[in-house]
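Here is the structure we will look at.
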Amino acid sequence: MAEMMPAAVYVGDGQMAVQDLPVPVAGPGEVLVEVAQCGICGSDMHLVLEGYARPGTVLGHEWAGTVVASGDGVTGWEPGARVVSNPSAGCGRCRPCRRGRPSVCLERDPPDYLSFGGAFCRYVAVRADRLLRIPDTLTTRAAALTEPTAIAVHTVNLAQPETDDRVLITGAGPVGLLVLSVLLARGVTDVTVSEPSALRRARAAAIGAAAVISPDDLGAAPLGRPVDEPFAVAFECSGHAGASQAALDQLDFAGTLVFVGTGREMPRINHNRMIVLELTAIGAYNYDDDGFGPALALLASGALPTDLLIEPDDVPLDGVIDAMQRLARGEIPGKVMVRPQEVP
Ligand SMILES: [Zn+2]
Ligand SMILES: [Zn+2]
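My numbering applies: residue 41 is where the sequence shown begins, and numbers increase by one.
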């Protein structure tokens, strides 16, 4: 009889249930990791709340944990080692890889956005050659922010803001707050955050936004020229069509809009404005070609306010769906960590 573990499983119709699944076995070259914390990501929420996920799927990819066993051929990962799992690097040869964008490597397996072996469960088996050791200065819990931090780092690197640029962030959920934190850590301090939820505005202000505003405060753009106080770079982190359109309207000549937040409704893009102001729009998906390393180092350096980025109370496996619904309603500003050891 296989050993069993509790897991939060997507069961269809926007619902999840805690079920017992077999504990995975560490195959050759793999280690078995006990998940300490796994963050709830916006993509998990889209898959669950909008019902895209395949029933039977365990979601959750923002995890950190502790090695408990090793498969054949694994050396150097003792039980108790605290780890995160680095994503696979790209092939290094194709056109996107040569441009430092391995997330869209042409040689990767076809992406499956509907199901993946997630970590809203007690144990995961992962390849040992992908592990990164969590530095002593960083708690395992805070290290569970490595994946979304790597996204924020990649996003900022794609946009390449100068330290004296005026920057706009639309949407102060967990991703927007992380992008804000990475910008501040890089010395980009003139950052305005636009967000409808007062709770999230307050969190952005606490983290260090130069200004926090409601989306209604963003003025309409005059025809063919910038607004009075334009931005050099805008990071669209909300996934809302209206926010994308507003962010584009707020850009200065040669400004850059980065799409980070996904959403069901598609924005209307004013191409005339893009032409006359020579605007650039880019999408940011996943990580730089050095993967999680720089994000882990940034977290370990203490430069990011992890106590403001992570909500104080972790949730057990049977609390995931409630936390997702509250996050979707904007009632929670920061990252919610799931703690799978807490058996409901
Ligand atoms: Zn994520
Ligand atoms: Zn490649």
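For each residue, glycine too, the CB sits at the ideal point set by N, CA and C.
Everything numeric in this text was worked out from a predicted model, so none of it was measured.
Relative to the non-hydrogen atoms of ligand 1, the Cβ of His101 comes within a distance shorter than 7 Å of at least one. In this structure, Ile191 places its C-beta atom within 8 Å of the C-beta atom of Tyr327. Three or more Cβ pairs drawn from the region 313-325 and the region 294-302 lie within less than 8 Å of each other, which places the two stretches in contact.
Under the DSSP definition of a beta bridge, Glu276 partners with Thr210 and Phe299. For Val65, no beta strand (DSSP E) segment is defined, and its DSSP state is neither H nor E.
A direct Cα-Cα distance of roughly 9 Å separates Ala199 from Ala324.
Taking 4 residues as the shortest admissible run, the region 226-288 contains the following complete alpha helix (DSSP H) segments, listed from N- to C-terminal end: 238-247. Going down the chain, each residue whose beta-carbon is closer than 5 Å to a heavy atom of ligand 2 shows up: Gly130, Cys131, Cys134, Cys137, Cys145 and Glu147. Beta bridge pairing from DSSP links Ser125 with Leu171. At least one heavy atom of ligand 1 sits closer than 7 Å to the Cβ of Glu187. By the CB criterion at 8 Å, Phe160 and Leu349 fall outside the cutoff. DSSP places Gly82 in the uninterrupted alpha helix (DSSP H) bounded by Gly82 to Leu89.
Less than 8 Å divides the Cβ of Leu339 from the Cβ of Leu185.
DSSP places Ala104 in the uninterrupted beta strand (DSSP E) bounded by Glu102 to Ser110. Looking at the backbone, the Cα of Met364 and that of Leu99 are separated by about 12 Å. Cys78 carries a strand assignment under DSSP once its states are collapsed to helix, strand and coil.
Scanning Phe275, Asp256 and Ala104 for the CA closest to the CA of Phe332 turns up Ala104.
At the C-beta level, Pro62 and Met85 stay beyond 8 Å of one another.
Distance between Pro373 and Gly113, taken at the CA atoms: about 43 Å. With a cutoff of 7 Å, Cys81 counts as near ligand 1, since its C-beta is closer than that to a heavy atom of the ligand. Judged by DSSP secondary structure, Val360 falls within the alpha helix (DSSP H) whose first and last residues are Val360 to Ala368.
DSSP places Pro142 within a helical segment (H, G or I) once states are collapsed to three. In this structure, Val228 lies away from Glu70, with their beta-carbon atoms at least 8 Å apart.
The Cβ atoms of Pro262 and Phe293 lie no closer than 8 Å to each other. Here the alpha carbons of Arg170 and Ser128 stand approximately 7 Å from one another. Counting every other CB atom within 10 Å of its CB across the protein chains shown gives Ser341 a total below 16, marking it as exposed.
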